[in-house]
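Student: Can you read through this structure? Questions will come right after.
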Amino acid sequence: MRDPRYDILFEPMQIGPVTAKNRLYQVPHCNGGGYRDPSAAAAMRGIKAEGGWGVIFTEQCEMHHTSEITPFIELRLWEDKDIPQLRKMSEKMKEHGALAGIQLAYSGINGPNLYSKEVPMAVSAMPIRTFTNDPMQARALDKTDIRDLRRWFVNAAKRSKLAGFDLICLYGAHGFGIFQHFLSRATNQRSDEYGGSLENRSRFVNEVIADIKDAVGDTMGITLRVSLDETIGDLGFSNAEVRDFVEMNKDLPDLWDLAQGTWEDCSGPSRFTGEGAQQELVRGIHDLTDKPIVGVGRFTSPDTMVKQIKSGLLDFIGCARPSIADPFLPKKIEEGRIEDIRECIGCNICITGDMTMSISRCTQNPTFMEEWRKGWHPETMNAKGGSSNVLVVGSGPAGLEAARALSERGYDVAIAEATTELGGRVARERLLPGLSAWGRVLEYREYQISQKANVETYFDSELDAANILEFGFENICIATGSKWRRDGVSRQHVVPFAIDASMPVFTPDDIMAGKLPSGKVVIYDDDHYYMGGVLAELLRKEGCEVTIITPAAYLSDWTNNTLEQHAIHKNLAEMGVEIVLNRGVTEIGSGHVVSNCVYTDTTTQFGCESVVMVSSRLENNQVFNDLKARESEWQDAGIKSVKIIGDANAPGPIAWATYAGHRYARELDGEDPGDTLPFRREITELAYD
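At position 209 of the sequence shown (counting the first as 1) the number is 209 in full-length UniProt numbering, and the numbers step up by one without a gap.
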């Protein structure tokens with residue numbers, strides 16, 4: 001039963017000629033599938049429809065071949081051949097009454113055209129701006145090009161209608177869309193009627209929306225996604241000018257979709273950005289237009305959502321990452337099951353799928369993008385197999401997800417935890433600076449398990465192979481995690497390097513256990529994800545003089561994929577941390593480390609009183625290996641299977657661990673697939689001459 005406080009979230013809302021059944025609006029977001037995996041992307045959106053969203057959008061859809069962003073994999077609507085796969089997606093979106101929306105994008109200076117080999121076109125001639133700094137430039141659109149571009153948008157709108165969509169979003173935010181490029185003085189340096197004054201810079205978007213409304217506006221709603229602030233001062237499209245633009249064009253779209261300036265700003269990780277962080281940039285804009293407004297802010301709390309609406313800030317609650325973490329968020333609010341919501345932790349692992357051109361993952365929702373490939377449903381497990389019980393050894397993210405999902409299938413589950421608390425690495429890492437939201441990985445699973453009569457948890461239970469053989473469980477799941485190495489083995493070094501015994505060497509495990517160095521500290525980061533930077537922040541706050549050395553060209557290099565690398569570097573630099581790039585560590589001496597240049601191998605010394613080694617991790621797999629060595633005893637002990645999962649099998653990010661736990665639970669008692677591919681995929685159509 002829905003709490004009446006949340007009734008306002010479920011009011012129908014008009015968007016031009018169409019009506020959304022509620023105010024819960026999945027804004028466009030990428031997924032790593034795009035044109036390569038259309039059925040996987042369609043099924044993912046279909047699950048959200050089942051979960052109760054009122055509006056569901058595609059990701060960015062390239063609407064013409066003269067502007068494409070290879071190597072990144074998005075949707076394409078270049079010709080009629082693209083319509084069937086998009087129709088499949090819209091049909092899935094609409095199965096449960098949601099409005100289906102498509103985001104049309106022309107990338108301009110963000111489109112290097114590496115696949116189409118077309119000469120890029122932009123509002124003004126300037127270098128291509130991409131994540132990969134592609135070394136080419138775009139030429140300026142002339143008047144004929146602009147007329148062509150208007151026609152191409154109309155063609156794409158008509159194809160979108162044929163594909164079954166109810167809404168079109170014109171992309172002009174995050175620095176990625178042609179509409180923002182026209183509106184911003186940073187990218188519009190024209191001297192004709194499309195440049196100069198705000199009225200002139202607004203001309204193109206006015207023309208395109210008028211064209212599209214003439215073509216399909218009687219049946220489709222037109223939304224415009226614009227940046228709230230480019231965050232580059234008066235040179236760019238500032239928040240003040242956004243307000244002037246909205247007031248000047250208050251009836252232009254059927255809905256205003258407001259997003260922060262850059263993608264990094266808009267999808268800021270929880271480490272640096274809280275829920276509803278954009279509300280001050282939105283405040284007051286509704287006074288300038290009567291059209292509905294949708295905004296984002298990693299909304300996970302229904303109370304915060306209601307506040308956004310009742311305060312007049314927003315009409316729709318826009319969600320991308322929260323809709324990935326829990327596609328059933330709307331239904332859980334509607335059914336009064338707030339405690340069952342899998343809240344987004346803001347880790348941005350989902351974004352890494354797009355950035356690495358791979359199928360996306362979610363730390364909280366292991367079924368994300370596996371709905372079609374593996375047939376996984378986020379709320380429904382497959383039927384229980386032939387055995388009855390499982391012993392899960394370890395209660396980190398892999399073990400907890402395995403136990404939760406196994407209990408859903410109907411198995412009797414015992415969790416053996418060596419310590420006095422659940423959570424493994426999550427319980428420790430959540431206490432580090434900026435990572436408190438990551439505790440939701442533990443909290444969600446701990447609560448779900450607490451509601452299950454078929455799960456028992458045993459603390460202070462460090463088991464060995466002999467114990468396990470005595471217990472009589474049919475299935476053994478080893479999820480004993482990993483520990484950080486202190487010998488330097490990682491990417492730069494494949495074998496341990498010289499370390500003077502007199503130098504105190506700490507690992508992340510030591511620091512998370514409360515053993516803190518003091519004085520002058522060198523952090524050697526050959527892990528390249530978040531841990532090195534987080535520990536630098538922690539130790540600096542504890543008063544240490546910190547130098548962080550990494551062989552990479554960027555501090556916390558892999559966080560470029562989670563859109564936080566810039567914020568990490570800026571934060572540590574402002575705190576006074578010395579950041580040393582492109583240098584490794586070849587030796588730890590007494591009172592110093594020896595550092596080498598990764599290009600020339602020339603060395604220099606950095607004086608310090610201790611070293612923090614953030615290199616790689618060792619699997620805690622001894623129990624598993626001991627059990628395997630005694631496999632001849634399994635049958636007498638009643639054991640049918642022994643499996644090792646998560647970090648104990650191969651250390652990785654937390655999302656890899658929850659996925660491993662979920663996969664184990666899904667596949668228990670299943671048939672051995674042998675050499676058969678364990679997921680479905682789509683093959684590119686072969687063209688016959």
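C-beta: ideal position from N, C-alpha, C; glycine also.
Would you identify the three-state DSSP class for V594, choosing helix, strand or coil?
Tutor: Position 594 of the sequence shown holds residue 594. V594 falls in the strand class under three-state DSSP.
Student: Cα separation between L329 and P322?
Tutor: Within the sequence shown, the letter at position 329 stands for residue 329. Within the sequence shown, the letter at position 322 stands for residue 322. Rounded to whole angstroms, L329 to P322 spans 8 Å at the Cα level.
Student: Using the Cα positions of E91 and G164, report the straight-line distance between them to the nearest angstrom.
Tutor: By one-based count along the sequence shown, residue 91 stands at place 91. By one-based count along the sequence shown, residue 164 stands at place 164. One C-alpha to the other measures close to 7 Å.
Student: Would you mind sorting F473 into buried or exposed? The rule is 16 or more other CB atoms within 10 Å of its CB.
Tutor: What you label residue 473 is simply residue 473 of the sequence shown in a count that begins at 1. Buried, by the Cβ-count rule.
Student: To the nearest angstrom, how far is the alpha carbon of E343 from that of D326?
Tutor: For the purposes of this step, residue 343 is taken as residue 343 along the sequence shown, with counting starting at 1. For the purposes of this step, residue 326 is taken as residue 326 along the sequence shown, with counting starting at 1. Cα to Cα, E343 sits roughly 7 Å from D326.
Student: Where are the beta strand (DSSP E) runs, 3 residues long or more, that stay fully inside the segment 77 to 133, in chain order?
Tutor: Fully enclosed beta strand (DSSP E) runs of 3 or longer: 99 to 105.
Student: Reducing DSSP to helix, strand and coil, say where R617 ends up.
Tutor: Walking along the sequence shown from the start, residue 617 turns up at place 617. Of the three classes helix, strand and coil, the one that applies to R617 here is strand, per DSSP.
Student: On the CB-based measure, 16 or more other CB atoms within 10 Å of its CB, does V294 come out buried or exposed?
Tutor: Residue 294 sits at position 294 when you count from the first residue of the sequence shown. Classification of V294: buried, given that the 10 Å Cβ count is 16 or more.
Student: Can you give the Cα-Cα distance for G51 and L141, rounded to whole angstroms?
Tutor: Indexing the sequence shown from 1 puts residue 51 at position 51. Indexing the sequence shown from 1 puts residue 141 at position 141. Cα to Cα, G51 sits roughly 43 Å from L141.
Student: Report yes or no: do three or more beta-carbon pairs, one from the segment 247 to 254 and one from the segment 273 to 280, lie closer than 8 Å?
Tutor: At 8 Å Cβ cutoff, the stretches do not touch.
Student: Can you give the beta carbon distance from P517 to V598, rounded, assuming they're within the 8 Å contact cut?
Tutor: For the purposes of this step, residue 517 is taken as the residue at position 517 of the sequence shown. For the purposes of this step, residue 598 is taken as the residue at position 598 of the sequence shown. Not confirmed; about 25 Å, so no contact.
Student: Looking at F316: is its Cβ nearer than 7 Å to the Cβ of R76?
Tutor: For the purposes of this step, residue 316 is identified with residue 316 of the sequence shown, where counting begins at 1. For the purposes of this step, residue 76 is identified with residue 76 of the sequence shown, where counting begins at 1. Result no, Cβ atoms of F316 and R76 do not sit closer than 7 Å.
Student: Does the distance from the CB of A427 to the CB of S461 come in under 7 Å?
Tutor: Along the sequence shown, one-based indexing puts residue 427 at 427. Along the sequence shown, one-based indexing puts residue 461 at 461. The answer is no: Cβ separation not under 7 Å.
Student: Going by beta carbon distance, what residues of the same chain come within less than 7 Å of Y659, once the five residues before and after it are set aside?
Tutor: Along the sequence shown, one-based indexing puts residue 659 at 659. Excluding residues within five positions, the ones whose Cβ falls inside 7 Å are R361, P366.
Student: With E55 as the anchor, note down where its beta strand (DSSP E) starts and where it stops.
Tutor: Counted from its first residue, the sequence shown places residue 55 at position 55. Here residue 55 turns out to be Val, not Glu, going by the sequence shown. 55 to 62 is the extent of the beta strand (DSSP E) around V55.
Student: Pull up the CB-CB distance for I102 and M126, whole angstroms please, since I reckon it's below 8 Å.
Tutor: Along the sequence shown, read from residue 1 onward, the residue named residue 102 stands at position 102. Along the sequence shown, read from residue 1 onward, the residue named residue 126 stands at position 126. Not a contact, Cβ separation roughly 28 Å.
Student: Assuming R425 contacts S616 under a Cβ cut-off of 8 Å, what Cβ separation, rounded to an integer in Å, is found between them?
Tutor: Walking along the sequence shown from the start, residue 425 turns up at place 425. Walking along the sequence shown from the start, residue 616 turns up at place 616. With 8 Å as the limit, R425 and S616 do not qualify as a contact, their Cβ atoms being about 14 Å apart.
Student: Where does H286 fall in DSSP's three states?
Tutor: The count along the sequence shown starts at 1 and reaches residue 286 at position 286. H286: helix per DSSP, three-state reduction.
Student: So, with DSSP's three-state summary, where would you put G607?
Tutor: On the sequence shown, position 607 is the one that residue 607 refers to. Correct three-state label for G607: strand.
Student: Using the DSSP secondary-structure output, state which residues sit across from R139 in a beta bridge.
Tutor: To locate residue 139, count along the sequence shown from 1; it is residue 139. In the DSSP output, where bridge partners are listed per residue, R139 has M121.
Student: Within its chain, find whatever has a CB closer than 7 Å to the CB of S436; leave out the 5 residues flanking it on each side and keep chain order.
Tutor: As a position in the sequence shown, residue 436 is number 436, starting the count at 1. If we look at S436 and ignore the five residues flanking it on each side, its Cβ neighbours are R430.
Student: Indicate the three-state DSSP secondary structure (helix, strand or coil) for C319 in the structure shown.
Tutor: One-based indexing of the sequence shown puts residue 319 at position 319. Strand, per DSSP.
Student: For the segment 258 to 269 against the segment 291 to 306, do three or more pairs of beta-carbon atoms, one drawn from each stretch, fall closer than 8 Å, so that the two count as touching?
Tutor: The segment 258 to 269 vs the segment 291 to 306: in contact.
Student: Pick from N582, D647, N560, L677: whose alpha carbon is nearest that of N348?
Tutor: What you label residue 348 is simply residue 348 of the sequence shown in a count that begins at 1. Nearest option by C-alpha distance: N560.
Student: Could you give the residue range of the beta strand (DSSP E) that holds M575?
Tutor: Locating residue 575 in the sequence shown gives position 575, counting from the first residue. Taken as a continuous stretch (DSSP letters only), M575 belongs to no beta strand (DSSP E), being part of the alpha helix (DSSP H) at 565 to 575.
Student: Secondary structure at Q364, three-state DSSP: helix, strand or coil?
Tutor: Taking the sequence shown and counting its residues from 1, the one referred to as residue 364 is at position 364. Note: Q364 maps to coil in three-state DSSP.
Student: Could you have a look at I499 and say whether DSSP puts it in helix, strand or coil?
Tutor: Looking up residue 499 in the sequence shown gives position 499. Here I499 sits in strand by DSSP.
Student: Using 8 Å for Cβ pairs, my map puts S407 next to F506. What's the rounded Cβ distance?
Tutor: By 1-based counting over the sequence shown, the position of residue 407 is 407. By 1-based counting over the sequence shown, the position of residue 506 is 506. Contact doesn't hold; Cβ gap of about 38 Å is too wide.
Student: Between which two residues does the beta strand (DSSP E) carrying K643 extend?
Tutor: As a position in the sequence shown, residue 643 is number 643, starting the count at 1. Segment 641 to 644, the beta strand (DSSP E) holding K643.
Student: Among the candidates D37, E11, D265, whose CA atom is the shortest distance from the CA of W372?
Tutor: Within the sequence shown, the letter at position 372 stands for residue 372. Nearest C-alpha to W372: D37.
Student: Give the straight-line distance between the Cα atoms of G532 and W558, rounded to the nearest whole angstrom.
Tutor: Looking up residue 532 in the sequence shown gives position 532. Looking up residue 558 in the sequence shown gives position 558. One C-alpha to the other measures close to 12 Å.
Student: L86 to D211, Cα distance in whole Å?
Tutor: As a first step, residue 86 must be located in the sequence shown, where it is residue number 86. As a first step, residue 211 must be located in the sequence shown, where it is residue number 211. In a straight line, the C-alpha of L86 is about 22 Å away from that of D211.
Student: Considering only C-alpha positions, which residue in the set E587, A122, R5 is nearest to H493?
Tutor: Taking the first residue of the sequence shown as 1, we reach residue 493 at position 493. With distances taken between Cα atoms, H493 lies closest to E587.
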